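For the sequence shown, counting from 1, position 95 maps to 94 in numbering that gives the first Met the number 0; every step adds exactly one.
This report refers to the structure that appears directly beneath it.
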Amino acid sequence: MSDVKFLQLNYTKFHGSFEHFPKNLIWLCWHGFSLRSVPNQISLEKLVVLDLSRSCLVDAWKGKSFLPKLKILDIRHSHDLIRTPDFSGLPVLEKLILEDCICLVQIHESIGDLQRLLILNLRNCTSLMELPEEMCRLNSLQELVLDGCSNLDSLMNTVVEHHQGRSLLQSDGIVASTSYITSLPLKLFFPSRFSAMKMLRFTSFSLPRSLERLDLSGTPIRALPESIKDLGLLRHLYLRNCKMLQALPELPSHLWSLDVSFCYLL
C-alpha cells in the first residue's frame, strides 16, 4: 500500500500500530474516525485533503504537526472535539470546516498564521463563545460562516477589520451589538435568526465600497447606516421580513434589486 494516494476508510476501526499506514497519501477520507486524536504514526506530510468528518476526535492531533501541503481540513460533525489543533504547521491551508462541532470551545490562536485560508466554516458550533483576536490576520479569508453560533458573545472588530472587502460573513444568533465593527466583508449575509439581539447599531460603522450584495432578511434591525448610499457597487439589498425596520435612508443609485417584503413598519 506504499504507493496509495487516495484512501477512504469510512467507519473503519483499526487496532494496533499504524506503522505501516500508507505514507504517500494525498487524500484521506475517514468518516467516523474512532480515536480521540490522530496518532503520530500516521504520516500526513503529503496530504492535500484530510476529511475526518463525524469523528470521535477530542484533539485533532497532539502538539504541532507539520502538514506542508494540506489545503483542506474537514472535521465537521465531530461532536467530541473540544479544541482545534495548532495550525502553525499548515502553511497552505485554504479550507477549514468545523461545522456542527457542538463541543468546540477553543480555536487555537495560531489560526492567524493561516495566510492562505479562504473558507472558515463554524456553523452550529454552539459551545463557541469567542473568536481569537488573531483571526484579524486572515487577510485571504473569503468566507466566514457563523450560522447557529448561538453562544458567541461578540463579533470582534479585530476579526473583520482587515479583510479588505473580500469576505463572505454569515452569522446567525449572534447576540452582541456590532457598533464597534469598522468594516465588513464583500458580501454580507445575516440569515434570519438573531435570537436575542435587540438592535443592530451602526455607530461609526463603515461598509466597504466593494460590497455587492447585502442580505439582512429576518433580522430585527430598525435602521440602516446613512453611508449605505455611498456603496456604488451594491446591486442587491434584501430586507425581507425585517419587522422592526422603520425607515430607509437614501439608497445607492445603481441598486438593481430591493426586497422589503413584510417590513410592516415601513
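Beta carbons: idealized from backbone N, C-alpha and C, even for Gly.
Keep in mind it's a predicted model, so treat the numbers as computed, not measured.
Rounded separation between residue i and residue j - CA only
i    : j    : result
Q266 : V91  : The structure shown does not extend to residue 266, since the chain spans only 0 to 265, so no value can be given for it.
L80  : P21  : 25 Å
S54  : P67  : 23 Å
W26  : L46  : 6 Å
I227 : T83  : 37 Å
H76  : G111 : 23 Å
L264 : N123 : 31 Å
E18  : H235 : 55 Å
K271 : H14  : Only positions 0 to 265 of the chain appear in this structure, which leaves residue 271 out of reach.
S260 : N240 : 6 Å
P38  : E108 : 23 Å
V3   : V144 : 34 Å
C100 : C28  : 18 Å
L117 : H253 : 29 Å
Nearest-angstrom beta carbon gap, residue j and residue i [assumed within contact, 8 Å]
i    : j    : result
L24  : L6   : 6 Å
L233 : P251 : 5 Å
L97  : I71  : That belief does not hold up - the Cβ atoms of L97 and I71 are roughly 12 Å apart, past 8 Å.
L223 : P248 : 6 Å
Local Cβ density within 10 Å of residue i, reported as buried at 16 or more and exposed below that
i    : result
W255 : exposed
L119 : buried
F204 : Any reading at F204 needs caution, since the residue's pLDDT is 34, under 50, leaving its predicted position unreliable; the model's value is listed next. With 16 or more Cβ atoms within 10 Å of its Cβ, F204 is classed as buried.
F32  : buried
S64  : buried
L257 : exposed
S42  : exposed
Own chain, CB closer than 8 Å to residue i, minus 5 neighbours either side, in chain order
i    : result
C102 : H78, D79, L80, I81 and S126
H30  : N9, Y10, D50, L51, S52, R53 and S54
T157 : At T157, the pLDDT of 35 sits below 50, so the modelled position is not reliable; the number obtained from the coordinates is stated separately. For T157, where only same-chain residues beyond five positions count, the Cβ hits under 8 Å are E132, M134 and C135.
C262 : L238, R239, N240, C241, K242 and L244
Sequence-distant residues of the same chain with beta carbon closer than 6 Å to residue i, five excluded per side
i    : result
R115 : V91, E93 and S139
Q40  : F17 and E18
I106 : T83 and P131
V57  : R35, D79 and I81
V48  : W26 and I71
Sequence-distant residues of its chain with Cβ nearer than 7 Å to residue i (five each side left out)
i    : result
R221 : M198, M243, L244 and Q245
7 Å Cβ cutoff, residue i in contact with chain D
i    : result
H107 : This model lacks chain D altogether; it includes just one protein chain.
Inset, instruction - Mind the definition here: the stretch 124–137 touches the stretch 82–89 only if three or more C-beta pairs lie below 8 Å; say whether that holds. - result: no
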